[in-house]
Every structure is written in structure tokens, then in C-alpha cells.
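Let me begin by presenting the structure, written as C-alpha cells, before commenting on it.
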Amino acid sequence: MTRPVALIARVFHSGLAVRLAAAAAFMLGAPALTADDAPERAGDPVYGWVLYNYYQGDAFDALTLLDVARERGGIVGHGAYPELVEGGLMLSYGMTREASDLFTRLLEETNTAENDETDSKKPRVSLTPDVRSQAWFYLGKVFYLEGEQGPAFESLQRVDADVFEESDSGLYPEWLYLRARLAMKSDAFGDNALVESLRQQLGKSGLWAHYLGYNLAMGEIAAGDVTGAQQSLNTLIADMEDEDPKEDLVAEHRALLDKSRLSLARLYLRDSRFDDALALLGAMPLDGVFSDRALFDYAVAAAGQGRMQRALDALDALSQRTLFLAWREQVPYARGYVLEQMNQPRRALNAFTQAAEHYENRGEELIIARRALTEENLMARLSFLRDSDDIITDAYGRPRVTPADFGLSEVLATEAFQQALGELNELYRMQALLAQREEQLSTFEAMLETRKIQRERRSREARYELERQQADDWVDAQNSFRTDIESALAREDAEFFMTTEQEDLKARLTKVAATLAQLPVDQNTARQRASYERMQAYFDWTVANDYGVNRWEAQKQLRELNREMEQFRNQRAAIEALISGDAEHDELARRLIRKATELQELKAQVQGALQQARGILMSRLDEALEQQSSELRRYLVASRHAQARLADHLFREGQSAEAAND
Numbered sequence: 000m001t002r003p004v005a006l007i008a009r010v011f012h013s014g015l016a017v018r019l020a021a022a023a024a025f026m027l028g029a030p031a032l033t034a035d036d037a038p039e040r041a042g043d044p045v046y047g048w049v050l051y052n053y054y055q056g057d058a059f060d061a062l063t064l065l066d067v068a069r070e071r072g073g074i075v076g077h078g079a080y081p082e083l084v085e086g087g088l089m090l091s092y093g094m095t096r097e098a099s100d101l102f103t104r105l106l107e108e109t110n111t112a113e114n115d116e117t118d119s120k121k122p123r124v125s126l127t128p129d130v131r132s133q134a135w136f137y138l139g140k141v142f143y144l145e146g147e148q149g150p151a152f153e154s155l156q157r158v159d160a161d162v163f164e165e166s167d168s169g170l171y172p173e174w175l176y177l178r179a180r181l182a183m184k185s186d187a188f189g190d191n192a193l194v195e196s197l198r199q200q201l202g203k204s205g206l207w208a209h210y211l212g213y214n215l216a217m218g219e220i221a222a223g224d225v226t227g228a229q230q231s232l233n234t235l236i237a238d239m240e241d242e243d244p245k246e247d248l249v250a251e252h253r254a255l256l257d258k259s260r261l262s263l264a265r266l267y268l269r270d271s272r273f274d275d276a277l278a279l280l281g282a283m284p285l286d287g288v289f290s291d292r293a294l295f296d297y298a299v300a301a302a303g304q305g306r307m308q309r310a311l312d313a314l315d316a317l318s319q320r321t322l323f324l325a326w327r328e329q330v331p332y333a334r335g336y337v338l339e340q341m342n343q344p345r346r347a348l349n350a351f352t353q354a355a356e357h358y359e360n361r362g363e364e365l366i367i368a369r370r371a372l373t374e375e376n377l378m379a380r381l382s383f384l385r386d387s388d389d390i391i392t393d394a395y396g397r398p399r400v401t402p403a404d405f406g407l408s409e410v411l412a413t414e415a416f417q418q419a420l421g422e423l424n425e426l427y428r429m430q431a432l433l434a435q436r437e438e439q440l441s442t443f444e445a446m447l448e449t450r451k452i453q454r455e456r457r458s459r460e461a462r463y464e465l466e467r468q469q470a471d472d473w474v475d476a477q478n479s480f481r482t483d484i485e486s487a488l489a490r491e492d493a494e495f496f497m498t499t500e501q502e503d504l505k506a507r508l509t510k511v512a513a514t515l516a517q518l519p520v521d522q523n524t525a526r527q528r529a530s531y532e533r534m535q536a537y538f539d540w541t542v543a544n545d546y547g548v549n550r551w552e553a554q555k556q557l558r559e560l561n562r563e564m565e566q567f568r569n570q571r572a573a574i575e576a577l578i579s580g581d582a583e584h585d586e587l588a589r590r591l592i593r594k595a596t597e598l599q600e601l602k603a604q605v606q607g608a609l610q611q612a613r614g615i616l617m618s619r620l621d622e623a624l625e626q627q628s629s630e631l632r633r634y635l636v637a638s639r640h641a642q643a644r645l646a647d648h649l650f651r652e653g654q655s656a657e658a659a660n661d
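Going by numbering that gives the first Met the number 0, the first residue of the sequence shown is number 0, and it counts up by one from there.
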């Protein structure tokens, strides 16, 4: 009664999720530079993939693409908007602190770039005023939700009111509401005059105006002004009853209206104004969010009026419902109390006996539940909203979940439990991703092993081919050729450099000389010998005359042979180097080992984070069960005392009746 209830926070968060998604979509589709040069579609293919993954709900994949693009030089043609998109993705992935850091840096860089027009070397960052105001608004909201009131106030103050009201009329009332709530929480952010001014700007219609009115009433209660709070709640209820909300806001409007009626009725109960309380509670629907609370308070009001049967009827109706919340455990005891006040001690005794048995059974159930408390049976009590195999999350990365066991509803509604549950879900996704990565690394290991085997087989074949080439014989032959040519050059041996035709002619001349040597020397062979001598002389002159040309040709062939042999030796050395070792394979193997080590470290970190998240979940649930156990023990003791008191009373009445008969 002294502070805003959890419903307001839950409704506020749900409204934020819808509006945040809409704003993120707006920023994703916003122009990249200015109105004149903005592309109508994604100018960078990576940016297109980022947008596709965002709209598919794959925030992790989209963030990964942005990180890869940043390492490769960034996304071209879209200015600062990819970073705004990254901030929105971080919010949707639950990285609120990282998103706030990014928004702060980006917006400060934008202001610096716009104010410093003299430095042409700075990158031009052009954000339209409406997008800049929207970014400051969401940054302020992130700080507000995290309880960082100072940064929230500073960010919300940097929103351009005129631009924001014109461009984001749906968010403008929420901006006014957040500023008013900050002013209510601390004098550093404003005073009563500012709150009243903001309230006047909000008007008397709209959910944000009604939320502010409700919280102002709660503030009056905290300040001890119960009469003022009653007047404020009466005015709020009248305004809400006269308003016809939009179809998508009917449920939220009705829930706030019911909560306002319930709060006002409790104020009336505190002042013993039972008739006014009954009038309010009787107008509340039986299928509303607060119908159970209204039934119980109706029973209290009826009992205060002395209409015990009405109180009993309300408690009987409430007892037919599942008593899965701690506060509802008082219903069995309350039935006995009402029956006792109706002067029906025997029925009251029976009711208190049943209440005690109920509390004992519930206590045993809670003891068993606490002993068997594990993550598995916790998850079995939760129903996750899924899309195929993936769990659907809200704009802050928290799973969309409802309790299958409504005893967890109050625990599930806490921010700490929701955050731990969201982190646990993301950690399981990360664990699955690491397992997939580990499987891929195992595949790479198999591929490298196969490649190594194939390479060894090809190396054996290459060695065999090298041996067949008899490379040493080729080298020896080259050395022999070089030695012979160098020796002939030193001797200036012209015959060594003869051409093939000259060698053939020399062979014929030698054969002729051998034939003439076998013939007798006479007049008949003299002419032949003279002809031979002329031929031999001409041959010697030809060899001497062609010596320079033949020598150059031999040297040319030697140089070509040297080049070919050098290339042959280099290729052979390269092949032998490849055969002896594979640097590329070794580098891949080392990288694989490093990645495997990093993967194991990440797995260990994820496992540690999982243990921590599980511990938070289990401790939250254990605390809730302990609270229920404590409440049950109090009701059990009270029921036993009432049971003993009534039993003693009935016993004394029985004895008095027997004495009178005697």
C-alpha cells in the first residue's frame, strides 16, 4: 500500500517491450545518411544480412555479422546507423549495459562531429533530430529500468521535446511520465511544481497519465496523506471509467482500473468505511487480475459490517480456487474465524481443524519440494513460448514464459529471476553453439588427418619418381660437359667445337686417308693424294675459320644447360622440402590446437556461468518456498490455538449443560 505494486512494473515492462521493438524497427529502417543521398535499400550486403537476421529474431547472428564487418573495415554507405542497429540488437539480446555504453558514445560523437565543422577530416555522422531524440529516450529508459536515476535523468533531459512530440507522439507521453517519476523519487530531478506541470501536459486521459495518477496517490499514502490519496484515487477511477481505450489497451486499462479500485477499497477498510469498500469491491469483475484479492477484501468488509454470511460466501467462493499464492493460504483460517464470529462454534471448530490439516499437508509438500528442488523440476513448472525449437524472448532477451505451477508466479515476476532465467537460456544456447563448434573442430581434425595420409602417399610417389630420374647422373654429366668445354677453351682446341657436319667430314677424310695409306705410292695415286691434301687443308681452314662461331654456340648451349639444371635443382629442392615437411599443414594444426584450447576455456567459463545462473534461480525459488513455509507455520499455529480454544469452549458448554440437567 505504501509503494507502487508489482503489476505496474510488469505492465510497464510489457509496454516497453512493444514500444522498444517498434522503435528498433524504425531505426533499422531509417535512412542511412541524409534525405538526399540515402539509399532506398541496403547498400552493403552485410547490412542486409544484419537486418534479415534481426527481423528473424536472431540477435546473436546479427551481432556476429556486425562484429565481423567491423573487423573487415565496417559497413559502407549507411553512416552511423549500423551502430544504432547494434545498440538495438544488444537491448534485444539482454546486453543493456553494453547498449547504453554504445548509445552514449555514438550520440556524443554525433554531437562533437556536428559542432566541430572546421575539421573536415572527421567522419561525417548525420543523425536526424528525431532519431537522435529517440536514441536518447531509449538510453534514458534503459538507465531508468536499471535503477540508474542520475544517468536516466541526464539522457531524458537531452531529448528535444518539440521534435519528439511531433515525430513520436506515442512515446512522448511515456517520456513525460518517466521524467515525472524521476522528479517524484528525488528532489535533484525536480520538485512538486515540475511534477504538476508534467501531469498537466499528460492530461487526464491515456495510460501514462493514469499510471502517474496512481503513483501520485501511492506517494500520498507514503507521506501519510490518506485523505488526499482517497481523493486522488476517486478522481483517477472516475476518469478511467469515462474513458474508452483502444482495443489493444483494453486489458491493461482494465487491470489498472481494478488495481485502483482495490487500493481505494483497502484505504476505506483501514478507515472502517465498510459500505464504501463493499460498493467498490462489488463492482470489480470476478475474472479480473485482482479478483481473488477483491474477494478476500470483500469478505473482510462484509465481516466488518457484521454480514458474516456474505463474508463466508466470499471465502467459500475463494476457497474453490487453487490456493497457490502465499497470501491465499490465510483463506482456510479466515473461514473458521468468520464462522466463529457467526456464533457457530462447532462449524468453526471443524473449519479450524480442516485448516490445520491443510497447513500440515501444505507444509509437508513444501518440505518435499525444497528437498527435491532441481533445475529440471523447476523447468518442468515453466511453460516457454517457442518458435519451432527456439524460445521466444522479449525486447530485453528475457524468455516469454508462464508458470505451469502458479505457485511460482510471484517469483517469476521478479526482475532478478527473469534476468537469471534469460541468462540461463542464453548460456544454454551458447553451450549448444560451443558443442557445435567442437564438432566442427573434430571434423577439421579428421580432414587434416586425411590430408596428412594423402600427402604421405603422394610423397612416397614423388620420391620414387625422383629416384627414377637419376638426378645425380644428370648433375655429373653437366659437370663433365662444363669441364670439357672449359679445358678446350683453355687449349683453344678448335676441333672440340666442330659442328656435326664438320665431324662427319673429318670422319670421311680420316677414312680416305686410311684408304690411301693402304694403296701403293705411284703415279696413279699421286693425283688422289694431291686431291686429299687439298681437301684436308680446306677442312683445317674451315674448322679454324668457324672456331669462334662454334665456340660461342657451345658456350650458349652450356649456359642454357646450366639454367635448366639450376631450375631442375630448384624444383627438386622444392619437392624435397615439400616431402620433408608441410608448413601449411603444421600451421593449420597449430591453429586447430589453439582454437581447441580457446574452446575448452570458453566451455569452462560457460559452465561456471551456468552454475552461477542455476544457483540464482534455485536460491530465488528456495527463498519463496521458505517464505511460504514461514507463512504456513504461522497459520498452522493460529489454527491449532483456535481449535484448542473452541474445543475447550465446547467442552465447558457441554459440562455446564450436563450439570444443569443433573
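All C-beta atoms in this analysis are idealised placements derived from N, C-alpha and C, irrespective of residue type, glycine included.
Query	Result
Three-state class that DSSP yields for residue 381 in the structure shown	strand
Reference residue 601, options 577, 61, 635, 429, closest by Cα	429
Runs of alpha helix (DSSP H) lying entirely within the segment 204–234, each at least 4 residues, in chain order	206–221
Neighbourhood of residue 470 by C-beta, 7 Å cutoff - its chain only, sequence neighbours within 5 removed	571
Member of 266, 200, 648, 518 whose CA lies at the smallest distance from the CA of residue 224	266
Sequence-distant residues of the same chain with beta carbon closer than 7 Å to residue 344, five excluded per side	645, 648, 649
Buried or exposed (CB count within 10 angstroms, at least 16 for buried), residue 34	For residue 34, the pLDDT reaches just 32, beneath the cut-off of 50, and the residue's location in the model is therefore unreliable, leaving the point undetermined.
Cβ pair residue 106, residue 88 closer than 9 Å	no
One or two residues paired with residue 249 in a DSSP bridge	DSSP output for residue 249 lists no bridge partner at all.
The segment 451–460 in contact with the segment 577–591 per 3-pair CB rule at 8 Å	yes
Selection from 245, 291, 216 that minimises the alpha carbon distance to residue 259	216
Delimiting residues of the alpha helix (DSSP H) encompassing residue 166	160–166
CB of residue 298 within 9 Å of CB of residue 317, strictly	yes
Sheet register partners of residue 194 (DSSP bridge)	Paired residue(s): none; residue 194 is not in a bridge.
Cβ pair residue 311, residue 341 closer than 9 Å	yes
Under 9 Å between C-beta atoms of residue 263 and residue 233	yes
Residue 344 in three-state terms, based on DSSP	helix
CB contact flag (residue 285, residue 277, <9 Å)	no
Limits of the unbroken alpha helix (DSSP H) element including residue 308	307–318
Test item: CB-CB of residue 155 and residue 171 under 9 Å	no
Proximity of residue 358 and residue 624 at Cβ, strictly below 9 Å	no
Option in 538, 490, 256, 306 with minimal Cα separation from residue 287	256
C-alpha gap between residue 228 and residue 129, whole angstroms	38 Å
Own chain partners of residue 65 with C-beta closer than 7 Å, once the 5 adjacent residues on each side are dropped	49, 81, 85
Close Cβ partners of residue 538 (< 7 Å) along its chain, the five nearest in sequence each way excluded	504, 505, 508
At least 3 beta-carbon pairs within less than 8 Å: the segment 161–178 vs the segment 193–202	yes
9 Å Cβ cutoff met for residue 447 and residue 591	yes
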